[in-house]
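K.L.:
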Amino acid sequence: MILKEGGNIFKDESGRVLTQRINQTDVKPTIAWLEQLTGLELQDNTLGSTGRKPTSGDLDLAVDANQITKEQLVAKLTQWAQSHNLKPEEWIRKSGISVHLRTPINGRPDNGYVQTDFMFLKDVPFSKFILSAPGDSEYRGVDRNILINSMAKSMGYKLSQVAGLQDRVTSSLITNDPDKIAKILLNPRATRDDLHSVETIVAALAKDPKRDDKLADAREHFAREGVPFFETTELKPVTGYTEVNFLARLRDRIVNQGMQPLVETTLMEADARIEHLEDLVFERGTRGVKEALAIIQHAAEDTAGTTTVKWDGKPAIIWGRKATGEFVLTDKSGFMAKGYDGLATSPEMIARIMNMRSGERGELIGLYAKLFPMLSAATPQNFKGYMQGDLLYTTTPPEVAGAYVFKPNYVEYKIPASSNLGQAIGASEVGIAAHTYYKDPASNPEPIHHISLKKVPGLLVIEPTVKDIKNVQPSSKLIKELRSVVHQNGQAIDQLFNPADLRAAKITDLPALCKRYINSRIHSNYDNLLPDFGAWLQRTVTPSKYNNIVEYLQSPRSNLDGISAAFTAFLLLHEIKTDMLEQLDRQQPGQEGWVIASPAGRAKLVNRFGFSAGNRILNNPNLAS
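Add 518 to the 1-based position in the sequence shown for this note's numbering, that's all there is to it.
(1) Inspect the beta-carbon positions of residue 914 and residue 1114 and report whether they are closer than 9 Å.
(2) Output the distance between the C-alpha atoms of residue 530 and residue 608, rounded to the nearest integer angstrom.
(3) If contact is defined by three or more beta carbon pairs under 8 Å, each pair taking one atom from either stretch, is the segment 857 to 868 in contact with the segment 886 to 900?
(4) Assuming residue 664 and residue 683 form a contact by the criterion Cβ under 8 Å, report the distance between their Cβ atoms to the nearest whole angstrom.
(5) Enumerate in chain order the residues of its own chain whose CB-to-CB distance from residue 996 is below 6 Å, with the five nearest sequence positions on each side excluded.
(6) Can we say the segment 531 to 546 touches the segment 629 to 640, given the rule of at least three CB pairs closer than 8 Å?
(7) Excluding the five sequence neighbours on either side, which residues of its own chain have a C-beta within less than 6 Å of the C-beta of residue 894, listed in chain order?
(8) Is it the case that the segment 955 to 971 contacts the segment 922 to 929, given that we only count it when at least three CB pairs across the two stretches are under 8 Å?
(9) Residues in the same chain with beta-carbon distance under 6 Å from residue 1188, minus the five sequence neighbours each way, listed in chain order, please.
(10) For residue 818, which residues from the same chain have a beta carbon less than 7 Å from its beta carbon, with the 5 sequence-adjacent residues on both sides left out?
(11) Quick one: Cα of residue 641 to Cα of residue 1056, how far?
(12) In the DSSP assignment, the beta strand (DSSP E) including residue 619 goes from what residue to what residue?
(13) Which class does residue 673 belong to by DSSP, given the choice of helix, strand or coil?
(14) Taking the alpha-carbon positions, what's the residue 805 to residue 792 distance?
(15) Ignore the nearest five residues each way along the sequence and tell me which others in residue 1004's own chain have a CB closer than 6 Å to its CB.
(16) Would you call the segment 1065 to 1083 and the segment 1010 to 1018 touching, i.e. three or more CB-CB distances under 8 Å?
(17) Looking only at its chain, what residues have a beta carbon closer than 7 Å to the beta carbon of residue 902, apart from the 5 residues adjacent to it on each side?
(18) Select from 1029, 1028 and 1051 the residue whose C-alpha is nearest the C-alpha of residue 1039.
(19) Count the CB pairs spanning the segment 906 to 923 and the segment 943 to 954 that are closer than 8 Å, and state whether there are at least three.
(20) Mind checking which residues open and close the alpha helix (DSSP H) that includes residue 800?
(21) Determine, using beta carbons only, whether residue 666 and residue 649 come nearer to each other than 9 Å.
(22) Are there 16 or more other CB atoms within 10 angstroms of the CB of residue 898, so buried, or fewer, so exposed?
(23) Mind reading off the beta-carbon distance from residue 1047 to residue 795? Whole number of angstroms is fine, and I expect it under 8 Å.
(24) Leaving out the 5 sequence neighbours to the left and right, which residues in its chain are closer than 7 Å to residue 552 when beta-carbon positions are compared?
(25) Which one of 957, 799, 831 and 921 has the shortest CA to CA distance from residue 941?
(26) Use the C-beta contact count for residue 849: other C-beta atoms within 10 angstroms, 16 or more gives buried, fewer gives exposed.
(27) Report yes if the CB atom of residue 639 is closer than 9 Å to the CB atom of residue 593, and no otherwise.
(28) Would you tell me roughly how many angstroms separate the C-alpha atoms of residue 1065 and residue 659, rounded to the nearest one?
(29) Here's a check: name, in chain order, each residue in its chain whose Cβ is nearer than 6 Å to the Cβ of residue 568, leaving out the five neighbours to either side.
(30) Any idea what DSSP makes of residue 1126, helix, strand or coil?
(31) Whole angstroms is fine: what's the gap from residue 789's alpha carbon to residue 1072's?
(32) Just mark residue 687 as buried or exposed, buried being the case when its beta carbon has 16 or more other beta carbons within 10 Å.
(33) So, with DSSP's three-state summary, where would you put residue 1105?
(34) Buried or exposed: which applies to residue 587, given that a residue is buried once 16 or more other Cβ atoms fall within 10 Å of its Cβ?
(35) My output table needs one value for residue 931: the three-state DSSP class, helix, strand or coil.
(36) To which residues of the same chain is residue 1126 closer than 6 Å at the C-beta, ignoring the five residues directly before and after it?
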């Protein structure tokens, strides 16, 4: 039995999946709804990666088979479906040890549906341990279990995911206690924590004289599956598995491997942490508002020197030269790879890297083979470091009504053929929008303003810097209103987002919840933004957290004034940004958005009701219904 993150049981007649991924913050309230529906205790019975990562493909829940049967649960779910005039066969399914339910997120159909897998298990505590998927690991739970089985096999045992550690010949049970299993397979001092992940197991085996025998089967498995296997803590310490590395790899898989995005941001945004201008109030309180005002002022004084275009390309690619001068072409995952060399120095090496990964890679392999000689010839021999860019097209875009038209991701570009950029596009076969520079894979990203590449027939690398653009004129009236809000209510805003107070109230994620709420509204508008916040919180967070937030906002320290002022500042910044966007778009239409850089910081100007909303629907069609 292998626990897989799926959520694809329920489909319509055309084959479209009717369920979606569920956000981490929605997991507990959805399970609470399921508890009311079924009468089962489920909150502590999550399996796999459920609730451990930013999103989950489904809800995997353990059910004690000694307490209830599959048939009994199906009967309860059927009664619920029929009471809502639903066809049970479209909402409830059975397979193997599981019952599947198409579940409304937070118990509300308007939030969409997630697949719930009720897994009937005879030993729930052991199953919860063995079917867990560690959220702080670069490996899956199944990879961890294969490593445990590898150790067991070398010692004459086998691991049953249902029963526990067994004799390999007789199948008799040795133990189903994870602590005892750890002591048998690792060492007498080991505990279940040492079996937590591939990384912790490798660390525990560091000085084991039988290490090679214990790892033998695992090595074969990882090699066969094309999964990099870090075998030494010296080269890859457990502490080296940082959240940053994990998220970087995940972002790359989203952009380059066709996975469903977890957030609306593009790779550039995520890497450089460029906030929406209006979100700075939630990010840094009055300091964020003042930063936004400084950015606005700087843009008004020198728009051309301050503003860069944010192209909507896909996939992301990275190229450059090592300190030795050797040319490299790779993707984000390869660039940040640990445990294997992802800096490809030939098309053949790129193909080997791609073939290590799961999924269909033929198209990408062909793409990199085409790009390699062009970018190698364009990159000067004395260039040091690496550039990141987004692919715009790989064949000359068609000319329609006097403009070159191409759509690499969500935005459809129409560049006048007579313009300087249009003429360059017409003379090219491949277009890349460059935006970020790295000195080396470990360095921080830096924005690109100018690129000095050699001219190569058929290749166009577009700089993000905007030329020949007039200064924007932000609304002085709106800026005056914003300054007034900060002057009168700045103390209340900063009090609201005081980290110490948020920790004491157990709601440290309140600023993030505010931003998440804003993103939930981009499919409609910002009418009644503050009045609707409470209802959104009630259906989004757990009841206990909701009560904590309500109590915090209604405290004697006037946090209601703070939340009101914060939302007012947000709306004013949004209005100022929208006006600036319209001025920029009139001069150079069709962009995903713009990035403004100033001594005070950087912020992005994006039409959230246009690009951001459309991009989320593009990557999650369920949102469109």
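Don't be surprised by glycine CBs; every beta carbon is placed ideally from N, CA and C.
Treat the numbers as computed from the prediction; the structure is a model and nothing was measured.
P.N.:
Taking the coordinates as given:
(1) Against the sequence shown, residue 914 aligns to sequence position 396. Against the sequence shown, residue 1114 aligns to sequence position 596. In this structure, residue 1114 does not lie closer than 9 Å to residue 914 by Cβ.
(2) Walking along the sequence shown from the start, residue 530 turns up at place 12. Walking along the sequence shown from the start, residue 608 turns up at place 90. One C-alpha to the other measures close to 9 Å.
(3) yes
(4) As a first step, residue 664 is located in the sequence shown; it is residue number 146 there, counting from the start. As a first step, residue 683 is located in the sequence shown; it is residue number 165 there, counting from the start. Between residue 683 and residue 664 the Cβ distance is about 15 Å, and since that is not below 8 Å, they are no contact.
(5) Locating residue 996 in the sequence shown gives position 478, where the first residue counts as 1. Around residue 996: 1090, 1093 and 1094.
(6) yes
(7) By one-based count along the sequence shown, residue 894 stands at place 376. Once the five neighbours on either side are set aside, the close Cβ partners of residue 894 are 845.
(8) no
(9) This structure does not reach residue 1188, given that the chain is present from 519 up to 1143, and the question cannot be answered.
(10) Your numbering for residue 818 matches position 300 in the sequence shown. Closer than 7 Å at Cβ, skipping near neighbours: 989, 990, 991 and 992.
(11) Counted from its first residue, the sequence shown places residue 641 at position 123. Counted from its first residue, the sequence shown places residue 1056 at position 538. Each residue's alpha carbon lies about 35 Å from the other.
(12) In the sequence shown, counting from the first residue as 1, residue 619 sits at position 101. Segment 616 to 622, the beta strand (DSSP E) holding residue 619.
(13) Counting from one through the sequence shown, the residue named residue 673 turns up at place 155. Coil at residue 673, not helix or strand.
(14) As a working note, residue 805 is residue 287 in the sequence shown. As a working note, residue 792 is residue 274 in the sequence shown. For residue 805 and residue 792, the distance between alpha carbons rounds to 16 Å.
(15) Here residue 1004 refers to the residue found at position 486 of the sequence shown. Excluding positions up to five away in sequence, the list reads 804 and 807.
(16) yes
(17) As a position in the sequence shown, residue 902 is number 384, starting the count at 1. The residues are 839 and 841.
(18) Numbered from its first residue, the sequence shown carries residue 1039 at position 521. Residue 1051 is the option with its Cα nearest to residue 1039.
(19) yes
(20) Position 282 of the sequence shown, counted from the first residue, corresponds to residue 800. Segment 798 to 819, the alpha helix (DSSP H) holding residue 800.
(21) Within the sequence shown, numbered from 1, the residue matching residue 666 stands at position 148. Within the sequence shown, numbered from 1, the residue matching residue 649 stands at position 131. Their beta carbons are not under 9 Å apart, which means residue 666 does not touch residue 649 by this criterion.
(22) Looking up residue 898 in the sequence shown gives position 380. Exposed.
(23) Start at 1 with the first residue of the sequence shown, and residue 1047 comes out as number 529. Start at 1 with the first residue of the sequence shown, and residue 795 comes out as number 277. 17 Å between Cβ atoms; not a contact.
(24) Residue mapping note: residue 552 aligns to position 34 of the sequence shown, counting from 1. Result list for residue 552: 560, 621 and 634, in chain order.
(25) The residue you call residue 941 lines up with position 423 of the sequence shown. Minimum Cα distance to residue 941 is reached at 921.
(26) Taking the sequence shown and counting its residues from 1, the one referred to as residue 849 is at position 331. It counts as buried.
(27) The count along the sequence shown starts at 1 and reaches residue 639 at position 121. The count along the sequence shown starts at 1 and reaches residue 593 at position 75. Cβ atoms of residue 639 and residue 593: not closer than 9 Å.
(28) Against the sequence shown, residue 1065 aligns to sequence position 547. Against the sequence shown, residue 659 aligns to sequence position 141. Between residue 1065 and residue 659, the C-alpha separation is close to 34 Å.
(29) Counting from 1 along the sequence shown, the entry for residue 568 is found at position 50. Cβ within range, chain order: 574, 577 and 578.
(30) In the sequence shown, counting from the first residue as 1, residue 1126 sits at position 608. Three-state result, residue 1126: helix.
(31) Locating residue 789 in the sequence shown gives position 271, where the first residue counts as 1. Locating residue 1072 in the sequence shown gives position 554, where the first residue counts as 1. Low confidence applies to residue 789: its pLDDT is 34, below 50, so where it sits in the model is not reliable enough to give any reading.
(32) Taking the first residue of the sequence shown as 1, we reach residue 687 at position 169. The residue in question, residue 687, is exposed, as its Cβ has fewer than 16 Cβ neighbours within 10 Å.
(33) Counted from its first residue, the sequence shown places residue 1105 at position 587. DSSP places residue 1105 in helix when its eight states are reduced to three.
(34) Here residue 587 refers to the residue found at position 69 when the sequence shown is read from its first residue. By the neighbour-count rule (16 or more Cβ atoms within 10 Å), residue 587 is not buried but exposed.
(35) Here the question's residue 931 lines up with position 413 in the sequence shown. Residue 931: strand per DSSP, three-state reduction.
(36) Mapped onto the sequence shown, residue 1126 falls at position 608. Cβ neighbours of residue 1126 beyond the five flanking positions: 1040.
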